[in-house]
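When you line the sequence shown up against full-length UniProt numbering, it's residues 1 to 123, in that order. Think of the CB as a built atom: it goes at the ideal place given N, C-alpha and C, for glycine as much as any other residue.
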Amino acid sequence: DRRHRCPHCVYSTNNSSDLRHHLPTHTGERRHGCPHCHKTFTREGYLKTHLRIHSGERPFSCGVCGRDFTRKGDLEKHERSHSGIIPYRCSTCGRDFTQPSDLQAHIRIHTLQRPYKCSVCQY
């Protein structure tokens, strides 16, 4: 039973802070602006991560090869390349992928989906 419900959509949560962070997705409010460029963010944490682009800070380091990353999630994705774990398999042809986004892009080969159109020829 989730006690905190969004008045604009079906989102609900047990945590009032999560709901507070969710609400700006409906209003478009982006209160956290980068002092170095034009970008704005809905959450302070997103701004903090973005600021690493300008500072060059890369606090997450791969223990195997030493490559550094600005985001923990990017390090975790990278670490799969060393582990040999390939968790995403195409159910049509059996090809394996380390990233779900790579599998999704691959599946378009089988379904002939073309989500992006050329601005010149519309193909």
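*In chain order, what residues of the same chain have a beta carbon less than 8 Å from the beta carbon of residue 58, not counting five sequence neighbours either side?*
To locate residue 58, count along the sequence shown from 1; it is residue 58. Counting only Cβ-Cβ distances below 8 Å, and skipping sequence neighbours, we find 52, 68, 69 and 70.
*Look at the alpha carbon of residue 98 and the alpha carbon of residue 65, and state the distance between them as a whole number of angstroms.*
Along the sequence shown, one-based indexing puts residue 98 at 98. Along the sequence shown, one-based indexing puts residue 65 at 65. Whole-angstrom Cα-Cα distance: 18 Å.
*Does DSSP put residue 36 in a helix, a strand or coil?*
Start at 1 with the first residue of the sequence shown, and residue 36 comes out as number 36. Reduced to three states, the DSSP call for residue 36 is coil.
*Sheet register partners of residue 4 (DSSP bridge)*: Here residue 4 refers to the residue found at position 4 of the sequence shown. DSSP lists 13 as partners of residue 4.
*asked:* Three Cβ pairs or more, each shorter than 8 Å: is that satisfied between the segment 85-94 and the segment 104-111?
replied: yes
*Return the chain-ordered list of same chain residues with a C-beta closer than 7 Å to the C-beta of residue 62, the five sequence neighbours on each side being excluded.*
Position 62 of the sequence shown, counted from the first residue, corresponds to residue 62. Cβ within range, chain order: 75, 78 and 79.
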